[in-house]
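Just below is one structure, and these are the notes that go with it.
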Amino acid sequence: MGQLFTKLPEAQREAALHFIRNQVVQNCVVIFSKSYCLYCARAKGIFEEIGANFKAIELDQRKDGDHIQNTLEELTGVRTVPRVFVNGKCIGGASDTHKLHSSGKLLPLVLRCSPPCKWDDSYSLPRSH
1 MGQLFTKLPE
11 AQREAALHFI
21 RNQVVQNCVV
31 IFSKSYCLYC
41 ARAKGIFEEI
51 GANFKAIELD
61 QRKDGDHIQN
71 TLEELTGVRT
81 VPRVFVNGKC
91 IGGASDTHKL
101 HSSGKLLPLV
111 LRCSPPCKWD
121 DSYSLPRSH
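At position 117 of the sequence shown (counting the first as 1) the number is 117 in the UniProt record's numbering, and the numbers step up by one without a gap.
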């Protein structure tokens, strides 16, 4: 029975990674968000302002939301939401998105995108022991 419990977290990590990767590859802009988060609303508002389609994944409305958020932390080094991916790369959170938009660099990133996006191979999970 002990082996089952030691394997379950690894299986959950792999399932979360698979989900994250699929979303990021299939969509030019993905925002991992929480429905009540003001910073998340700010990031989504920026993409709405520039007329960019985006996929918002509301972690608080998913049973596996905590696993996805933990995996995002392992991948990006940051646990907070939003986590914004554009063209296969994490650009950061709301402040980072705002800075890119204010500097005129966000729209060109979005316009260069055409799914399937290339997954950034620097995102890998450390092996659990």
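Ideal Cβ placement from N, Cα and C applies to all residues, glycine included. Because the structure is a prediction, the values reported are computed rather than measured.
query	result
Selected residue, minimal CA-CA separation from lysine 89, among Ser33, Cys113 and Ile68	Cys113
Reduced DSSP secondary structure (H/G/I, E/B, other) of valine 81	coil
Host beta strand (DSSP E) of cysteine 90 (start-end)	89-92
Cβ-Cβ distance between leucine 100 and isoleucine 50 below 7 Å	no
Complete beta strand (DSSP E) runs within the region 29-62 (minimum length 3 residues, chain order)	29-33 and 55-58
Inter-residue Cα distance where the pair is tyrosine 36 and alanine 94	14 Å
For valine 24: DSSP bridge partner residues	Answer is none; valine 24 lacks a bridge partner.
Boundaries (first-last residue) of the alpha helix (DSSP H) holding proline 108	106-111
CB-CB length for asparagine 87 against leucine 109, believed under 8 Å	6 Å
Buried versus exposed, by CB contacts within 10 Å (16 or more), serine 33	buried
Start and end residues, alpha helix (DSSP H) containing aspartate 66	65-76
Beta-carbon contacts of valine 84 that lie in its chain and below 6 Å, excluding the five residues immediately before and after	Ile31, Ala43, Ile91 and Thr97
Alpha carbon of glutamate 14 to alpha carbon of arginine 21, nearest angstrom	10 Å
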